[in-house]
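Each remark here refers to the structure printed beneath this line.
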Amino acid sequence: MSTWKQYLSRVARGREHAEDLRREEAEELMGAWLHGELPELYAGAFWVAYRIKGESLGELLGFHDAVRARMSTISRPGRLRPIVFASYNGTRRRANLLPLLALTLTRCGVPVLIHGADLDDLPGSASADHSPQGRVHTGQILEHLGLAAAANLAQAETLLQLQGLVYLPLSAWQPGLARIFALRESLGIRSSVHTLLKGLHPFAPQEALVCAAVTHPPYLQRLQEFFLATEIPALCFRATEGEPFANPQRRPDLFLCHQGESRLLLAKDHASLAQLPELPDNLAASTSEFISAVLDGRRALPLAIAEQAAALLLLSGRCADLANARALLRQSFTRIAA
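Residue 1 is where the sequence shown starts when you use full-length UniProt numbering, and the numbers rise one by one after that.
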């Protein structure tokens, strides 16, 4: 316990004076936390301390090392690189279009895995920072569309083979992290686990492409540094209410992290939209109805979603370039918004 006290005394000195743990120290801390060996008092204290301090690159890598060392993996379902989304926030104001993006990719032949919140654990305190209450979550929309969540990794692998898309609740593959993640409800604030989850997936590190989005601009640089250090291919950008789909009213910059460099793949929209896209109310039922209408050709696929999908079709290996990806989308969808 004296070790945790020493670590806490270094990281809990406020934003101005806190020290960063070394990568191996961060790995030791997260390993103990995952195994339930970190006393409850220290767990809460570290959670709050990192909310104030923020995690360094070395600490984030150490946390990732600890999780990876204890992780079982699954095989990718074919030659194409699967696309992985971490979906834990839900949307409160705008419609959650992540399921539409995922189904756009699967229609074009690219497998998609979404890991996210356990649906049974979604109710929360209305006063909590990043509380899930009042938000529409990806898993809820997929349920409305008749797509069941996986109960474990083996089932996730099977569903990915059969339907090309799977929703994997956190507790089904990371019970230790799910237990830590539940502190959000007890303490009412987010912390390093939320950042860590953006870079995790159940495949071998280079076997999948992570589509990672952040709310706060400083984290965009940190996330790119993380993916370059781990050599995990990723597409990084500003989130829509914390969710990893492009804002349909104005697409953000899309950065590719791959082969040791980060580069701008698609620049953000600068021009004002001539007409706002038709979007549903932020309810699981109306969003699922809208998604079905897009897939059936009765509604247009929002352009920002189509452009993000084109980038992911390229990065998965499905298409040779963006022009080819856009052509495939035009063949696959009756209507794409101008």
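Where is the CB? At the ideal position from N, CA and C, for every residue including glycine.
In chain order, what residues of the same chain have a beta carbon less than 8 Å from the beta carbon of residue i, not counting five sequence neighbours either side?
i    : result
S127 : Low local confidence applies: a pLDDT of 33 at S127 is under 50, so the model's placement there is unreliable, with the coordinate-based value given in what follows. Correct list, in chain order: G188.
L8   : Y42, A45, F46, A49
D253 : F237, R238, L264, L266, A267, K268
Looking at residue j and residue i, is the spacing between their C-beta atoms short of 8 Å?
i    : j    : result
K198 : A208 : no
E55  : S262 : no
W33  : I180 : yes
L29  : F226 : no
T138 : G116 : yes
L57  : A323 : no
A311 : L266 : yes
S332 : I83  : no
A234 : T240 : no
Just tell me which of the options has its CA closest to the CA of residue i.
i    : options                : result
L41  : H137, L113, S186       : S186
P277 : R251, A284, C257       : R251
K53  : D20, P82, E25          : D20
Y88  : R299, P169, Y219, T287 : P169
A337 : G297, L313, N324       : G297
E24  : A309, I305, E59        : E59
F63  : L145, G31, R76         : G31
Could you name the residues that DSSP lists as bridge partners for residue i?
i    : result
S262 : C257
V136 : T91
L165 : V112
L295 : BP columns for L295 are empty, so no partner.
T240 : E243
L301 : I336
L235 : C211, L256
Going by beta carbon distance, what residues of the same chain come within less than 7 Å of residue i, once the five residues before and after it are set aside?
i    : result
A306 : L329, I336
Beta-carbon within less than 6 Å of residue i's beta-carbon, same chain only, minus the 5 sequence neighbours each way: which residues are those?
i   : result
V11 : A18, A49, K53
Next item on the list: Output the residue ranges of the alpha helix (DSSP H) runs that lie fully inside the region 71 to 121 and measure 4 residues or longer, sorted by chain position.
Entry: 98 to 107
Next item on the list: Jot down the residue ranges of each uninterrupted alpha helix (DSSP H) in the region 178 to 212, minimum 4 residues, whole runs only, in chain order.
Entry: 183 to 187, 192 to 197
Note to self: Runs of 4 residues minimum, wholly inside the UniProt domain "Glycosyl transferase family 3 N-terminal" (5 to 70): which ones carry the alpha helix (DSSP H) assignment?
What the structure shows: 14 to 17, 23 to 34, 40 to 53, 57 to 69
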